[in-house]
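Novice: Dropping the structure in here first, questions after.
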Amino acid sequence: MKEVVSFTERLAGLGSQRGSVGRGHIRVDGVTISFGSGRKTHQAVMETNLDIRPGEFVCILGPSGCGKSTLLSSIAGYVRPSTGEVLVDDAPVRGPGPERGMVFQQYSLFPWKTIAENIVFGPKVAGRPKAECAAIAATFLEMVGLTKFANAYPAELSGGMQQRVGIARALANSPSVLLMDEPFGALDAQTRLMMQESLLEIWSAFGITVVFVTHDVDEAIFLADRIVIMSASPGSVIADLKVTLPRPRSSELATSEAFMGLKRACHEAIRAESLRAFAQQSQ
Amino acid sequence: MQDALKPQVAYAGPTLVAVPPAPGETPRGGGRPPVVEDREGPPSVGVVVAQAMAGWFQTRAYGLVVGCIGLAIGLGLWQLMSANKVNFFINFANVPLPGAVFAAFTDHVMDREFYIHIEVSVLRIAAGFCIAAVLGVLLGTVMGRSRFGAALIAPYIEILRPIPAVAWIPLAILMWPTDEASIVFITFLGALFPVVINTMHGVEQAPEVLVRAAKSLGASPLQIFAQVIFPAALPNIVTGLAVGMGVSWFSLLAGEIISGQYGIGYFTWNAYSLVNYPDIIVGMLVTGLLGTVSTSLVRLLAQPLLKWQRKAR
Ligand SMILES: Nc1ncnc2c1ncn2[C@@H]1O[C@H](COP(=O)(O)OP(=O)(O)O)[C@@H](O)[C@H]1O
Ligand SMILES: [Mg+2]
């Protein structure tokens, strides 16, 4: 643990961690998001409320097409809610901003920039001095174990490595919130497990709020403090489960009794909802 | 780059948060596995020859040799037809022999005036092409990023694009104060459309996820253009510039044939008027050469900006 502290201290020394502790409070307030207009209006997210504490790790779980990405996009500021409001640290979200880092499912690194250039994109557009950018690049390359690839281009890296760079790039901007949209969805099972463990380590070192979208029940339980289950048409929250499994967590956890119990609870919530939807459709 | 391609060693840095590479996770393009020949006894002669041939087909020299053989056959046919004054539907009676063309060419290589023709043409290309490149990239970007811009500009592009350079000549002469200006204008028009169209496609194809990523990292609209949309469109822009360069040469030739006292197009047409047939072919071949060289130059200058693409295999 001592080394984690020294690492965080080093970040603070760089001036890149501006005390994210206590920041990163997200409030989703009666948000409805519809696409299209007139008779073709389609409601992707319906009357959703969420209150996410600073430093909390929340997973949004649900089948594909239920509006998880849309809800996350409204927090990121890519889409405006039709009604309701999203507040981050009491400030209404009006568009994307550097205090809300985003990690996408895949292919979101800038292919024409080297790994180091990708990582310092945020600090550089913010006008940080060159020397500081170089120091930030070195620190975050080290954090994700890709120092050797500083001058490589994204296409030369495997999917898992690219995703680590994606996380480093978001964190190098010292956001108070990290938004992740199925970031490990395209990875093989083995790599995904490694990525989940390292994400938890990084999260505990940074202490920032994480909103993590997934359709994988095991992934949600393994990572989260709290699981928000969404259902489709229109997308809305059907369950909000607390995950009290001890931390730090490792992959052995997946066979524990407590893990199984949570899994059952998740599946039950999803099943009850599917049955309801099915009954509705066949009327 | 060598460094990056080496397989990654286990991480041994000072921090706990360091993430070791996942088992089986290797960088892409990191060295091919060695080809293991699993064969009993010495390889047969046939196999060795076949392998040598397969290797040879891949080389540059192969392309060069076959290309030269093809050219030699063409030259031989030309010599044969012209020497025998073949007149069967196509008339070779007035086509000068390759030797005569070569002699005319070596004469001109010594001649200062010939270089003035080339210089004048090259300057016209440079002016017309540069204006087209700047304006074309601007218009293409506006069309690719803004629906209003696209709707406003598209009709002009659609109507004007199919009009050949020659058809512009009368109007160009009427509109522009000097012959020089009208020739440069026609050259400019030739290069403009390929640049606009290709830039527009490139800009449209800039992945939205990258634009979003840049926004979430705090980039301003100008920074997003310069660091995301422009580089994403660059491969297409370069293609547009290379095509535009070719088109601007044949627009230039059309312009120079109609008016002017210098230029490689004027040289070619003047040779016809003076019944100096070898010079016609000299003019044509030099035009072809200049066109090819300038197009390659465009691609060559863009190379360093596109080096990230070559890694994406
Ligand atoms: N930009 C958009 N325009 C129209 N419909 C959209 C748009 N984005 C998402 N949708 C629709 O909203 C619903 C939810 O999509 P999404 O949030 O991507 O689901 P998830 O991430 O849970 O798979 C889907 O039915 C999808 O078709
Ligand atoms: Mg999604």
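Going down the list, the protein sequences come from chains A and B.
Quick note: the first sequence uses the working numbering, first residue -15, plus one each step.
Quick note: the second sequence uses the working numbering, first residue 17, plus one each step.
Beta carbons are placed, not taken as given, at the ideal position from N, Cα and C, and that holds for glycine.
Predicted, not measured: the structure shown is a model, and the values here were computed from it.
1) Rounded to whole angstroms, what's the CA-CA distance from residue 88(B) to residue 94(B)? Just pull it up for me.
2) Between residue 274(A) and chain B, is any beta-carbon pair separated by less than 8 Å?
3) For residue 47(A), which three-state DSSP category applies?
4) Taking only the alpha-carbon atoms, compute the straight-line gap between residue 264(A) and residue 204(A) and give it to the nearest angstrom.
5) Report all residues from its chain with a CB closer than 8 Å to the CB of residue 170(B); omit the five preceding and five following residues, and keep chain order.
6) Relative to the C-alpha of residue 176(B), which residue among 257(B), 149(B), 164(B), 210(B) is closest?
7) Find the residues of chain B that neighbour residue 84(A), judging by a C-beta separation of less than 7 Å, and give them in chain order.
8) DSSP beta-bridge partners for residue 214(A)?
9) Going by alpha carbons, who is nearest to residue 57(A) out of 80(A), 74(A), 49(A), 193(A)?
10) Taking the alpha carbon of residue 224(B) as the point to measure from, which residue in 250(B), 215(B), 97(B), 161(B) has its own alpha carbon closest?
11) Does the segment 96 to 103 of chain A come within contact of the segment 143 to 156 of chain A, defined as at least 3 CB pairs closer than 8 Å?
12) Under 6 Å Cβ to Cβ from residue 275(B), same chain only, skipping five residues before and after it: list those, please.
13) Identify whether residue 50(B) lies in helix, strand or coil by the three-state DSSP scheme.
14) If we define contact as Cβ-Cβ less than 8 Å, is residue 81(A) a contact residue for chain D?
15) Can you grab the Cα-Cα spacing for the pair residue 64(B) / residue 251(B), in whole Å?
16) Is residue 108(A) near ligand 3 - that is, is its Cβ less than 7 Å away from at least one heavy atom of it?
17) Please classify residue 226(A): does DSSP put it in a helix, a strand, or coil?
18) Could you please tell me which residues of the segment 47 to 79 of chain A, in chain order, have their CB closer than 7 Å to any CB of chain B?
19) Since residue 194(A) meets chain B, which of its residues come closer than 9 Å, beta carbon to beta carbon?
20) Would you decide whether residue 37(B) is buried or exposed? Buried here means 16 or more other CB atoms lie within 10 Å of its CB.
21) List the residues of chain A whose Cβ lies closer than 7 Å to the Cβ of residue 247(B), in chain order.
22) For the beta strand (DSSP E) that contains residue 11(A), what are its first and last residues?
23) Which one of 67(B), 201(B), 212(B), 236(B) has the shortest CA to CA distance from residue 110(A)?
24) For residue 225(B), go through chain A and note every residue whose CB falls closer than 9 Å to its CB, in chain order.
25) Within a Cβ cutoff of 6 Å, which residues of the same chain sit near residue 8(A), ignoring the five residues on either side of it in sequence?
26) Specify the secondary structure class of residue 84(A) as computed by DSSP and reduced to three states.
27) Does the Cβ of residue 155(B) have 16 or more other Cβ atoms within 10 Å, making it buried, or fewer, making it exposed?
28) Say the cut is 7 Å; is the CB of residue 181(A) nearer than that to a heavy atom of ligand 2?
29) Answer yes or no: does any C-beta atom of chain B fall closer than 8 Å to that of residue 105(A)?
30) My assumption, with CB atoms under 8 Å, is that residue 202(B) sits in contact with residue 185(B). Please give the rounded CB distance.
31) Using a Cβ-based criterion (distance less than 7 Å to any ligand heavy atom), does residue 202(A) qualify as near ligand 2?
32) Is residue 33(A) close to chain B, meaning its C-beta is less than 8 Å from at least one C-beta of that chain?
33) Report back the beta-carbon spacing between residue 46(A) and residue 258(A) to the nearest angstrom; my notes put them in contact at under 8 Å.
34) Please go through the same chain and pick out, in chain order, the residues whose beta-carbon is closer than 7 Å to the beta-carbon of residue 253(B), but skip the five residues on each side of it.
35) According to DSSP, is residue 33(A) helix, strand or coil?
36) For a contact meaning CB atoms closer than 9 Å, what does residue 118(A) contact in chain B?
Specialist: Taking the coordinates as given:
1) About 10 Å.
2) Nothing can be reported for residue 274(A), as the shown portion of chain A is limited to -15 through 267.
3) Here residue 47(A) carries a coil assignment [DSSP, helix/strand/coil].
4) Their Cα atoms are separated by approximately 28 Å.
5) Closer than 8 Å at the Cβ level, and outside the excluded window around residue 170(B), lie 159.
6) Residue 210(B) is the option with its Cα nearest to residue 176(B).
7) The contacting residues are 232.
8) DSSP lists 221(A) as the beta-bridge partner residues of residue 214(A).
9) For the residues 80(A), 74(A), 49(A), 193(A), the minimum Cα distance to residue 57(A) belongs to 80(A).
10) The option with the nearest alpha carbon to residue 224(B) is 161(B).
11) Yes: the two stretches touch, three or more of their Cβ pairs being nearer than 8 Å.
12) Within its own chain, the residues whose Cβ lies closer than 6 Å to the Cβ of residue 275(B), once the five positions on either side in sequence are excluded, are 195, listed in chain order.
13) Below a pLDDT of 50, predicted positions are generally treated as unreliable, and residue 50(B), at 47, falls in that range; no measurement from the model is reported.
14) No chain D is present in this structure, whose protein chains are A and B.
15) About 41 Å.
16) As far as ligands go, the structure on display features ligand 1 and ligand 2 and does not contain ligand 3.
17) The three-state secondary structure of residue 226(A), taken from DSSP, is strand.
18) The segment 47 to 79 of chain A vs chain B, Cβ under 7 Å: 60, 62.
19) Correct list: empty, because the minimum Cβ distance to chain B is about 15 Å.
20) With a pLDDT of only 47 at residue 37(B), under the threshold of 50, the placement of this residue in the model should not be trusted; the figure read from the coordinates follows. Residue 37(B) comes out buried.
21) Within 7 Å Cβ-Cβ: 96.
22) In the DSSP assignment, residue 11(A) falls within the beta strand (DSSP E) that extends over 10 to 19.
23) When C-alpha distances from residue 110(A) are compared across 67(B), 201(B), 212(B), 236(B), the shortest belongs to 236(B).
24) Within chain A, 88, 89, 90, 91, 92 have C-beta atoms less than 9 Å from the C-beta of residue 225(B), given in sequence order.
25) When the five nearest sequence neighbours on each side are left out, the beta carbons in the same chain lying within less than 6 Å of the beta carbon of residue 8(A) are those of 38, 160, 161, 192, 193, in order along the chain.
26) Strand.
27) It is buried - the Cβ of residue 155(B) has at least 16 other Cβ atoms within 10 Å.
28) Outside the cutoff, so no.
29) The beta carbon of residue 105(A) falls within 8 Å of a beta carbon belonging to chain B, placing the residue at that interface.
30) Contact flag correct, Cβ pair sits at about 7 Å.
31) No - ligand 2 has no heavy atom lying nearer than 7 Å to the Cβ of residue 202(A).
32) Not an interface residue.
33) Going by Cβ atoms, the distance from residue 46(A) to residue 258(A) rounds to 11 Å, so no, they are not a contact pair.
34) So the list reads 153, 214, 215, 218, once near-sequence residues are dropped.
35) Residue 33(A): strand per DSSP, three-state reduction.
36) The premise fails here: residue 118(A) is roughly 17 Å from chain B at the closest Cβ pair, so nothing lies under 9 Å.
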